[in-house]
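First comes the structure, then the notes that go with it.
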Amino acid sequence: MKFRLTATLKVGAAASALMLGLAAPAFAEGAAPAAVVQAPQGVTVPPLGFAKRVLPNGLEVYTARDADTSNVTVQVWYKVGSKDDPAGRSGFAHLFEHLMFKSTKNLPPETFDRLTEDVGGSNNAFTADDTTAYFETVPANHLERMLFAEADRMGSLVLDEPTFVAERDVVKEEYRQRILANPYGRLFGLFVPETIYKESPYRRPGIGSIEELDSSSLDDVRRFHATYYRPDAAYLIVAGNFDQAQLDSWIDQYFGPLKNPTTPVPTNNVVEPEPTAPQNVTYYAPNVPLPAAVLAWPTVKYADADRPALTVLDGILSSGESSRLYRSLVYDKQIAAQIGSTPDFSQQAGNLSALAIMAQGHTAEEGVAALNAEIARLRDAPVTADELSEAKNELVASALRGRETMDDRATALGFALINTGSAAAADEEVAQIQAVTVADIQRVARKYLTPQRQSTITFLAADDANPASVQKMNVGAPVTVADLAPAGPPAVLLPEAERTPLPQPGAEVAPTTPTVADFRLDNGLRVLVAPTDGVPLVSARLSFDAGSSNDPTGKAGIAAMTAALLTQGTKTKTAPEIATQIEQLGASVGASAGVDFSNVSANAPSNAFPATLALMADLVKNPTFAAEELERQQAQTLDGLRVALSQPNAIAGMTVGRVVYGDAPYGATITQQTAPAITPADVAAFHASRYRPSDATLVFSGDITPDAARALAQQAFGDWRPAGAAPAATANPAGQPLAPRIVVVNQPGAGQAAVVAAVRGVSRTDADYFPLTVGNSLLGGGFSSRLNQEIRIKRGLSYGASSSLGVRADAGLFTAATQTKNETADEVADLILAEIAKLGAKTPSQADLAPRRATLIGGFGRSLETVDGLGTLVANLALYDLPMSDLADYAGRVRAVTPEQVQAAFAEHLPVNRASLVIVGDGSLFLDALRAKHPNLEVIEAGALNLNNGSLK
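All letters in the sequence shown, in the order written, are residues 231 to 1183 by our numbering.
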């Protein structure tokens, strides 16, 4: 697939941060129990509102009109997933998903990208246990073309040997990236499902294995398509701006003639047996930085009446910083770097898993004991009414956010249809959640989460005594290749003169941008308001000129620590009280620091937003920066760095800044040496000098009027005054330009190599920003970009390649990057550099740029459809002192870029002779070839990498 949705374990706030190598928040030791703050009641989750009809061939069609958008989404959900992979062919449904983006009898290869990306839309797909779903969002005038294309690939997909082999290679790279290069990829992707399930086909990984992928054949995939890709085994979902009668006519025209094969869909309804005894197993893998513990139990399928209670139980267990696992393992005991759990419900069976990735110095056995203690608490005593209310509020608010766009609504419907067969199931879910009682939570804990039914999994670093565990192979399956329908005559791409022509686009439906209100409070705080119609959600974003480039020399990480500690205690609230209030409100509140700016953000249902904004203001105005909170944050940061420094891509990302900027402020990054050196006084001083109303911008977006925003801003921030003198701006944070370098970070045993080319770039306010933006989109901005075409589509060397303009307040960091198997790292590096050089040396054609302009404009338009996306666009204009009129002018400025401007901008600002190269991977497999091309390359062992200075040594 292009961007595959993989079902692994849900992780909490700490877990998400740690997987990215970031600091995760922690609670204050000995904090008092959180004060109860009741969330406002009456949050209404609007119904999905789809109408149903069934074609004579069995295709179920669901449609919902939304005249407030200029777009339309088309989704086809097939009733086939990884559970249907034939025996000996694990990963087959997922592999086939890739092939569906190739040719049909009327459409040449990659036409889906031409029909979507090239007109400002998007397309993607995913494979899950029970479904493979394909979805496109396009301007509404292109709806008929998408219906034609979806029907054509359902009925006449072209499958040939070169395409099959190339996409199989891409899937292998995806396997290496997701499973082998990630330190916990084997645990969640392979070992957890194969341990939980004994008979169910869910025990096989959806991505399969390299060995079984290699065993598949072209005839297998043709038979797979004939068996499962049929109208009576699919749901067609259309949502957006359309005329209903015209839509119905098009669907009848294009999908009505499709026939079903005479062979029935193979029977696949395995009943997972009840566990007869507990099991304990330990797995090993290379480059595991911290041990992990997982407890797992089989539970229920999606349609079971106990699913809502288990879902709420999961929320109490691990959702947010006030959850039981976080409070116990991260806050009280301080033994875990991250916790999480997941209620994983599918058509035939389900499971619930709880995890702990341990903090440095703590064992997996400690994690098992602590997890067991918390599960026992759920069985032995009722949860509190406050815990129940908090979990419900979070789930209802999440459901509301899941209705924000037409794509969201269509996706919610698709999951309900696949798992229950009922469109009503998605709308009924909120009422089912609200009906869960305290007694229900204890009942399902006692019924399902018992020691007798439990799998206990520990995951450790492999060594000489304990070699890496291997994936189970030759796992049985209810479907065999022999059960598949005959392939029939293969479809072929017709000569152009014989193809059914694509329908022409209709009249354009123009997107609109909101008018932004702009005013200041008496203390200088700038307030911007971008109201929208839609679901009752409001977003706030408070931004400061306070980034990592403002960190004092030798104290890298102060900006990040300051932002992270804002939610960890104020003059009147402890960290647990803050976390509990956020979750009771059904809100999302957080803070982060980038290179140039820091942001505090909040998102809440409209009726909870005033209380959410008041809390946000308290966090900003009255943080305490307690020493014990800083210590916990430092410990979390160090554990996050241990995880990051085990992953090639993360190592490359931290290294490239030093290579391009050296010892300048932009080159600095928080390290295992700088994090412990930060003191409470450092953080307090940074906050006092950098978090000032006169230098801040507050952006409201969503279900709010300018008058209401003014009143709320005055109430929350009107009394805010700066605590100290304004600091001097950091001079020249990018430093002086440096000579390019070729740096290899050698990581023996790495599952893949990360390859990054980097050039010192431009600021956001540079006159060539738009030509470079359009050129970057051509180079690496999307599936049909040049980098992805050369590296993935033509050669199958990567799961995906991309580039980023990386603008900043001063000279930015342009990067072009991918991951590939170690053996092809040097080849991929050559390809990246060649494509960068081409843009500066050869003027692209108008035909090259037209689809890239549309891609940028379409992506911009889709950002306007969410309250957070709109707020981010407005805030970014303000941060760079750009006029709000740029919001409405964006499309015009993109369209105005000429090919000559693109070539000239790349030649001037991003010439390939100024490009540095960073490669992180197992050097034994590519160093000789790379050194032959770059004799002056530097090799640094991963364990000796020093990110505290520009030399890296």
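For each residue, glycine too, the CB sits at the ideal point set by N, CA and C. Model, not experiment: these values are computed from the prediction.
Proximity test, residue i beta-carbon vs the ligand FMN heavy atom, cut-off 7 Å
i	result
Tyr999	The ligand FMN is absent from the structure shown, which contains no ligands of any kind.
Residue i: first and last residue of the uninterrupted alpha helix (DSSP H) it sits in
i	result
Asp359	Unbroken run through Asp359: none, as it is neither H nor E.
Ser549	Where Ser549 is concerned, there is no enclosing alpha helix (DSSP H), given that its DSSP letter is neither H nor E.
Asn301	Counting along the chain, Asn301 falls outside any alpha helix (DSSP H), though it belongs to the beta strand (DSSP E) covering Asn301 to Tyr308.
Thr641	Met636 to Thr650
Met884	Pro878 to Tyr891
Phe916	Pro910 to Arg920
Phe930	Where Phe930 is concerned, there is no enclosing alpha helix (DSSP H), although the beta strand (DSSP E) it sits in stretches over Ala926 to Gly932.
Helix, strand or coil at residue i [DSSP, three-state]
i	result
Trp480	helix
Arg940	helix
Pro853	strand
Asn1179	coil
Gln568	strand
Ala456	helix
Val989	strand
Met846	helix
Pro573	strand
Gly1088	helix
Pro263	Only weak support exists for where Pro263 lies, its pLDDT of 31 falling under 50; the value from the coordinates is given anyway. Residue state, collapsed to three classes: coil.
Gln902	coil
Phe1000	helix
Gly415	helix
Gly1030	coil
Arg319	coil
Phe1044	strand
Leu868	helix
Ala675	helix
Unbroken beta strand (DSSP E) run spanning residue i, endpoints
i	result
Ser685	Ser685 to Ala691
Val422	Note, Val422: premise wrong, no beta strand (DSSP E); alpha helix (DSSP H) at Val422 to Ile426.
Gln701	Run containing Gln701: none; DSSP gives neither H nor E here.
Arg971	Arg971 -> no beta strand (DSSP E), and no H or E assigned at all.
Glu1065	Per DSSP, Glu1065 belongs to no beta strand (DSSP E); it is in the alpha helix (DSSP H), Ala1055 to Ala1071.
Ala832	Ser828 to Pro835
Lys282	Ala281 to Val284
Tyr292	Glu290 to Arg295
Gly580	Gly580 to Met588
Leu820	In the sequence on display, residue 820 carries Gly and not Leu. First-last of the beta strand (DSSP E) with Gly820: Ser818 to Ala823.
Beta-carbon proximity of residue i to residue j, cut-off 8 Å
i	j	result
Ala823	Asn833	no
Leu1107	Phe947	no
Ser439	Gly321	yes
Leu337	Asp382	yes
Ile671	Leu559	no
Ser628	Ala809	no
Ala461	Gly651	The residue asked about is misnamed: residue 461 is Pro in this sequence, not Ala. Cβ atoms of Pro461 and Gly651: not closer than 8 Å.
Thr762	Pro741	no
Gly188	Gly981	There is simply no residue 188 to check, as the chain begins at 231 and stops at 1183 in what is shown.
Thr1184	Tyr427	In the structure displayed, the chain extends from 231 to 1183; residue 1184 sits before or after that span and is not available.
Ala1039	Asp826	yes
Val291	Ile481	yes
Ile1021	Ser1014	no
Pro431	Val500	yes
Top-ranked residue by Cα proximity to residue i, from the options
i	options	result
Ile881	Leu1182, Gln564 and Ser1075	Leu1182
Arg375	Phe855, Pro936, Gln863 and Gly736	Gly736
Asn471	Ala1071, Ala294, Gly991 and Asp1119	Ala294
Pro733	His372, Ala1046 and Gly1010	His372
Glu634	Val768, Pro840 and Met884	Val768
Ser1034	Lys1024, Arg1025 and Leu1008	Leu1008
Neighbour flag for residue i against chain C, beta carbons, 8 Å
i	result
Glu595	Judged by its chain identifiers, the structure shown contains no chain C, having just a single protein chain.
Exercise for the section: Only counting runs of 4 or more residues, tell me where the alpha helix (DSSP H) segments fall wholly within the segment 714-801, in order along the chain. Expected result: 788-795
Handout entry: Runs of alpha helix (DSSP H) wholly within the segment 1093-1177 (minimum 4 residues, chain order)
Key = 1097-1109, 1115-1125, 1129-1139 and 1157-1163
Practice task
Could you tell me which uninterrupted beta strand (DSSP E) segments, each at least 3 residues in length, are contained entirely in the segment 461-532, listed from first to last along the chain?
Solution key: Here the runs fully enclosed are 464-470, 509-515 and 522-528.
Handout entry: Runs of beta strand (DSSP E) lying entirely within the segment 364-397, each at least 3 residues, in chain order
Key = none
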